[in-house]
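Participant: Numbering (mature numbering (1 follows the signal peptide of the UniProt record, and there is no 0)), first residue to last: -27 to -1, 1 to 199.
Handing you this structure, nothing more for now.
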Amino acid sequence: SLLQIVSAPYLLLSLFTSLNLCSGKFGQPITDDVSTLKQNIPSDYEIPVQYIPKEAGRCWVVLNIYPLEQSLRKLSDMFGAISSNKDNIMVFIAMLKSLRFTFDHEELETAMQLFQCHYQEGTFLTRLYFDYISDVLNTASEETSTFACRPPPCLDLHNSPGNLVVEADVTTIKCLECALLIERSKTQGQPKNRTLLLLLLVPIAACVGLVVWLVRIILCHKPKRI
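Put into structure tokens, the structure is as follows:
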């Protein structure tokens, strides 16, 4: 069909790109596709993405591959099957997917779980979004991506931003454990508070009962009018 004929060159380009990535070489970044998408997509369009800031260390690229791939897939769904924007986006998806396949699946999943509490939900304007994609791909081509980075302690969302909750060795901290420690710190004072509350309720209840008893006695002994 006409659709298959039109799509064939882009599929071949995606395959060629994937083969280059699997060999560990990106070559020159596809700056033309980035420029085209910046021009075709409105500049004020806000594109949602889940990401880890660069402060995460050397595994910054590794942690952002899959979330960025998912973000691009959602973006591509907004364009028609024969849209050039969709085809250009699919090229980037193929690059990220091929890059992801160069890593062990279980190690990648484990790393993402360890950094779970550090992922941020954000929206990037069109230009910043595709600059971010270029940054991820260029960094992956220039540096050796690795899992050799440890998650910092989780942030306490109930206090001011930037305050760390857990004072422990980061080599043994997992983000799930951070959440548990935060929850435990909140509940440590609860038993004492409940005990004090019960001690206060006992004399109050006794006083109320005494007043009710006295009122009933007074009413019972009050002479009845004929």
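C-beta atoms are modelled at their ideal positions from N, C-alpha and C, and glycine is treated no differently.
Note that the structure is a prediction, hence the values are computed from the model and not measured.
Could you give the distance in angstroms between the alpha-carbon of Leu81 and the alpha-carbon of Arg46?
Facilitator: Within the sequence shown, the letter at position 108 stands for residue 81. Within the sequence shown, the letter at position 73 stands for residue 46. Using only the alpha carbons, I get a separation of about 19 Å.
Participant: Given a threshold of 16 other Cβ atoms within 10 Å of its Cβ, counted over all protein chains shown, does Asp77 qualify as buried or as exposed?
Facilitator: Along the sequence shown, one-based indexing puts residue 77 at 104. Looking at its Cβ environment, which holds fewer than 16 other Cβ atoms inside 10 Å, Asp77 is exposed.
Participant: Leaving out the 5 sequence neighbours to the left and right, which residues in its chain are closer than 8 Å to Ile62 when beta-carbon positions are compared?
Facilitator: Walking along the sequence shown from the start, residue 62 turns up at place 89. Same-chain partners within the cutoff: Leu10, Leu45, Leu48, Ser49, Phe52.
Participant: Look up Tyr105 in the DSSP assignment and say whether it is helix, strand or coil.
Facilitator: In the sequence shown, residue 105 corresponds to position 132, counting from 1. Residue state, collapsed to three classes: helix.
Participant: Within the continuous alpha helix (DSSP H) that includes Pro21, where are the two ends?
Facilitator: Here residue 21 is taken as the residue at index 48 of the sequence shown, counted from 1. No alpha helix (DSSP H) contains Pro21, which is instead part of the beta strand (DSSP E) from 19 to 24.
Participant: Along the alpha helix (DSSP H) that carries Gln43, what are the first and last residues, could you check?
Facilitator: Counting from 1 along the sequence shown, the entry for residue 43 is found at position 70. Unbroken alpha helix (DSSP H) run through Gln43: 33 to 49.
Participant: Mind listing, in chain order, the continuous alpha helix (DSSP H) runs of no fewer than 4 residues lying wholly within the region 52 to 107?
Facilitator: Listed in chain order, they are 57 to 74, 78 to 87.
Participant: Could you tell me the distance, in whole angstroms, from the CA atom of Ala179 to the CA atom of Leu169?
Facilitator: Counting from one through the sequence shown, the residue named residue 179 turns up at place 206. Counting from one through the sequence shown, the residue named residue 169 turns up at place 196. Going from the Cα of Ala179 to the Cα of Leu169 covers about 16 Å.
Participant: Helix, strand or coil for Pro15 per DSSP?
Facilitator: Working through the sequence shown from its first residue, we reach residue 15 at position 42. Coil.
Participant: How many Å lie between Phe74 and Leu171 at the Cα?
Facilitator: Residue mapping note: residue 74 aligns to position 101 of the sequence shown, counting from 1. Residue mapping note: residue 171 aligns to position 198 of the sequence shown, counting from 1. One C-alpha to the other measures close to 60 Å.
Participant: Taking the Cβ atom as the reference point for each residue, do Glu15 and Thr96 lie within a distance shorter than 8 Å?
Facilitator: What you label residue 15 is simply residue 42 of the sequence shown in a count that begins at 1. What you label residue 96 is simply residue 123 of the sequence shown in a count that begins at 1. What sits at residue 15 in the sequence shown is Pro, not Glu. No, the pair does not count as a contact, with Cβ atoms beyond the cut-off.
Participant: Quick one: what does DSSP say Pro126 is sitting in, helix, strand or coil?
Facilitator: On the sequence shown, residue 126 is found 153 positions in, with the first residue counted as 1. Pro126: coil per DSSP, three-state reduction.
Participant: Please list, in chain order, all residues of the same chain as Trp33 whose beta carbon is under 7 Å from its beta carbon, the five residues on each side excluded.
Facilitator: As a position in the sequence shown, residue 33 is number 60, starting the count at 1. So the qualifying residues of the chain are Ile25, Lys27.
Participant: If you drop the 5 nearest sequence neighbours on each side, which residues of the same chain put their C-beta closer than 7 Å to that of Glu105?
Facilitator: Translated into the one-based positions of the sequence shown, residue 105 becomes position 132. Looking at the sequence provided, one finds Tyr at residue 105 rather than Glu. Within the same chain, Tyr105 has close Cβ partners Phe97.
Participant: Just to confirm, are Leu72 and Ala113 a CB contact at a threshold of 8 Å?
Facilitator: Translated into the one-based positions of the sequence shown, residue 72 becomes position 99. Translated into the one-based positions of the sequence shown, residue 113 becomes position 140. Result yes, Cβ atoms of Leu72 and Ala113 sit closer than 8 Å.
Participant: Does DSSP put Leu187 in a helix, in a strand, or in coil?
Facilitator: The residue labelled residue 187 in the question sits at position 214 within the sequence shown. Three-state result, Leu187: helix.
Participant: How big is the Cα-Cα spacing for Lys70 and His91?
Facilitator: As a working mapping, residue 70 is identified with position 97 in the sequence shown. As a working mapping, residue 91 is identified with position 118 in the sequence shown. Rounded to the nearest angstrom, the two C-alpha atoms are 22 Å apart.
Participant: Report the option in Leu36, Ile55, Gln43, Pro125 whose CA atom is closest to the CA atom of Ala84.
Facilitator: Numbered from 1 along the sequence shown, position 111 holds the residue referred to as residue 84. Comparing Cα positions, the closest option is Leu36.
Participant: Does the separation of the CB atoms of Glu94 and Gln43 fall below 8 Å?
Facilitator: For the purposes of this step, residue 94 is taken as the residue at position 121 of the sequence shown. For the purposes of this step, residue 43 is taken as the residue at position 70 of the sequence shown. Contact: no.
Participant: Name the residue from Pro126, Ser107, Glu115 whose alpha carbon lies nearest to the alpha carbon of Asp6.
Facilitator: Here residue 6 corresponds to residue number 33 of the sequence shown, with the count starting at 1. Of Pro126, Ser107, Glu115, the residue nearest in Cα terms is Ser107.
Participant: Which of the three DSSP states, helix, strand or coil, is assigned to Pro2?
Facilitator: On the sequence shown, position 29 is the one that residue 2 refers to. With a pLDDT of only 47 at Pro2, under the threshold of 50, the placement of this residue in the model should not be trusted; the figure read from the coordinates follows. Reduced to three states, the DSSP call for Pro2 is coil.
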